[in-house]
Amino acid sequence: MDDGGDWEDKCAICLGVFTAQTEGKLKECKHSFCYDCISQWVLKSSNRACPLCKKEFTALTCRVDGVLIEEPIECSTATASPAPGNENLDHLDHSFCLEEIARLIHEAEKKRDNLLKKARPSNSRYSNSRVVFDNQTQQRSFDNLGYCIDQLDEIKSHLCFGEQFDSSELMMELHQYQEAIVLGKELPNYQNHNNQYYDDEDYYDDEYYEYDRRYCT
1 MDDGGDWEDK
11 CAICLGVFTA
21 QTEGKLKECK
31 HSFCYDCISQ
41 WVLKSSNRAC
51 PLCKKEFTAL
61 TCRVDGVLIE
71 EPIECSTATA
81 SPAPGNENLD
91 HLDHSFCLEE
101 IARLIHEAEK
111 KRDNLLKKAR
121 PSNSRYSNSR
131 VVFDNQTQQR
141 SFDNLGYCID
151 QLDEIKSHLC
161 FGEQFDSSEL
171 MMELHQYQEA
181 IVLGKELPNY
191 QNHNNQYYDD
201 EDYYDDEYYE
211 YDRRYCT
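Once you know that position 119 of the sequence shown is 119 in UniProt numbering, the rest is easy, because the numbers rise by one and skip nothing.
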């Protein structure tokens with residue numbers, strides 16, 4: 001998006017909203033982010049690769065006083081340096097990614113809680129341990145959100161122990177979780193997750209799809 005119209009888009013880095021006035025677009029791949037977020041990414045990354053597609057880039061386009069300009073990466077980083085005491089960029093990457101994971105988990109939990117409000121107790125013999133969804137789409141959305149939360153918690157635990165990681169690869173993975181949470185897309189490795197519940201004939205009743213309450217906490 002390079003016009004100055006009234007539009008909003010979601011940044012894949014911070015999950016916040018940016019507009020034409022706060023957009024930072026990569027020249028080569030055309031992916032857009034909040035200008036502040038992608039500028040911070042440029043400062044912290046050892047290479048010049050898009051957080052989403054890994055394509056190398058040489059410049060950002062942004063608006064200054066309403067005028068679209070192209071900002072070479074060399075110019076934007078030549079005079080920039082980490083704040084005193086923050087020279088350990090690996091530490092910054094861990095902290096930055098932990099913040100993004102926390103945002104994703106919060107978003108997933110909020111959507112899962114909203115779905116749970118649409119559920120109701122089952123009339124089957126499992127009524128003390130099950131909730132009921134009106135259709136399979138809601139059920140699978142609920143499952144998908146729970147799976148995202150579990151996987152993000154696992155990634156967070158690895159980062160908390162200080163494990164090393166490729167920041168660009170992790171951002172691509174977090175973008176997949178964002179699409180799964182915000183857009184409802186299934187993750188590539190989700191297809192076979194919990195298939196045993198769908199194969200269990202007691203999982204369903206005649207009209208509704210049921211979900212074990214132990215996954216609702």
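No residue lacks a Cβ here, since even glycine has one placed at the ideal position from N, Cα and C.
This structure is a prediction, so every number in the text was calculated from the model and none was measured.
Give every residue of the same chain whose Cβ lies closer than 6 Å to the Cβ of E23, excluding the five residues on either side of it in the sequence, and list them in chain order. For E23, where only same-chain residues beyond five positions count, the Cβ hits under 6 Å are S32.
Could you name the residues of the same chain whose beta carbon sits closer than 8 Å to that of F57, not counting the 5 residues immediately before and after it, in chain order? L26, K27, E28, C29, R48, A49, C50, I73
Supposed close pair L52, H175 - CB separation, criterion 8 Å: 5 Å
Can you find the residues in the same chain that come closer than 7 Å, C-beta to C-beta, to Q21, ignoring five residues on each side of it along the sequence? R63
In the DSSP assignment, find the alpha helix (DSSP H) that holds K156 and state where it starts and stops. 136-160
Are the beta-carbon atoms belonging to A180 and N144 less than 8 Å from one another? yes
Can you look up E28 in the DSSP assignment and give me helix, strand or coil? coil
To the nearest angstrom, how far is it from the Cα of G146 to the Cα of I69? If you take the alpha carbons of G146 and I69, they lie about 43 Å apart.
K55 versus L183, K117, E169, residue with shortest Cα-Cα distance: E169
Where does R120 land, buried or exposed, given buried means 16+ other C-beta within 10 angstroms? exposed
Neighbourhood of S81 by C-beta distance below 7 Å, restricted to the same chain and skipping five residues each side: Per-residue confidence for S81 stands at a pLDDT of 36, beneath the threshold of 50, marking its modelled position as unreliable; no derived number is given.
What is the DSSP secondary structure of A49, reduced to helix, strand or coil? Of the three classes helix, strand and coil, the one that applies to A49 here is strand, per DSSP.
L187: which of S141, S167, H158 sits nearest, CA to CA? S141
Cα-Cα separation, K10 to M172: 15 Å
If you run the structure through DSSP and keep just helix, strand and coil, what is L11? Per the sequence presented here, residue 11 reads as Cys, with Leu not at that position. Coil at C11, not helix or strand.
Indicate, with yes or no, if the ligand COA has a heavy atom lying under 7 Å from the CB of I101. By its list of ligands, the structure shown contains no ligand whatsoever, and the ligand COA lies outside what it can speak to.
Write down the C-beta distance between Y177 and L104 rounded to the nearest angstrom, noting that I regard them as a contact closer than 8 Å. A Cβ-Cβ distance of about 5 Å is found for the pair Y177 and L104, placing them in contact under the 8 Å criterion.
With DSSP as the reference, label E56 as helix, strand or coil. strand
Neighbour-count burial assignment, E163, 16 or more Cβ in a 10 Å radius: exposed
Which class does F96 belong to by DSSP, given the choice of helix, strand or coil? helix
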